[in-house]
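Numbering (my numbering), first residue to last: 671 to 854.
We treat Cβ as the ideally placed atom computed from N, Cα and C, and that holds for glycine.
Next up, the structure:
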């Protein structure tokens with residue numbers, strides 16, 4: 671199964687594609703869609719829609735996972751983010767891709783063992799879990815983490831046990847074992 675993770679934004683939208691075959695996960699591609707600097711909102715939304723639709727048509731994911739909306743302190747920022755999500759959801763629907771949503775804290779907890787993990791921790795764990803040569807850009811790392819969490823959600827919940835440090839350590843070990851196919 672091919673899973674496309676999408677971290678929406680009007681200035682930068684991260685995407686990450688993974689493939690799960692026989693319980694193993696492999697990295698396919700990732701990147702960041704950046705609309706032209708200085709473009710108005712309509713042009714940025716068109717750019718995001720066209721860019722993501724091209725990826726969907728080229729790569730053929732079965733499912734896409736988009737970060738669930740959170741409440742922003744600035745209403746204008748929340749509105750613009752909602753419009754970017756709309757363009758993203760429209761491109762996924764146009765490509766015939768089933769869409770799921772996950773909360774950022776849920777993804778951070780699944781990938782790093784901590785719901786409040788920062789960008790650097792996410793990049794490090796995604797690099798490690800997918801055996802990448804270098805950490806992906808933060809927007810792409812978040813998108814890859816969305817895809818990983820969706821692909822591994824069931825087994826992870828059972829394997830990450832313990833409290834505090836032990837729980838984080840066990841969660842990281844469980845995710846590494848699942849991704850590498852060496853589950854105990």
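Residue range of the unbroken beta strand (DSSP E) whose run includes residue 701: What you label residue 701 is simply residue 31 of the chain shown in a count that begins at 1. Unbroken beta strand (DSSP E) run through residue 701: 694-703.
Residues that DSSP places opposite residue 677 in a beta bridge: Locating residue 677 in the chain shown gives position 7, counting from the first residue. Residue 677 pairs with 684.
Residue 759 vs residue 750 beta-carbon contact at 8 Å: Within the chain shown, the letter at position 89 stands for residue 759. Within the chain shown, the letter at position 80 stands for residue 750. No, these two residues do not count as a Cβ contact at 8 Å.
Residue burial classification, residue 792 (beta-carbon count within 10 angstroms, cutoff 16): Within the chain shown, residue 792 is the residue found at index 122, counting from 1. Counting Cβ neighbours within 10 Å, residue 792 comes out buried, since at least 16 surround it.
Cβ-Cβ distance between residue 703 and residue 753 below 8 Å: For the purposes of this step, residue 703 is taken as the residue at position 33 of the chain shown. For the purposes of this step, residue 753 is taken as the residue at position 83 of the chain shown. The answer is no: Cβ separation not under 8 Å.
Nearest to residue 728 (by Cα), restricted to the options 699, 795, 736, 709: Position 58 of the chain shown, counted from the start, is the residue given in the question as residue 728. Per the Cα distances, 699.
Limits of the beta strand (DSSP E) - the one that residue 714 falls within: If you number the chain shown from 1, residue 714 lands on position 44. Where residue 714 is concerned, there is no enclosing beta strand (DSSP E), although the alpha helix (DSSP H) it sits in stretches over 711-729.
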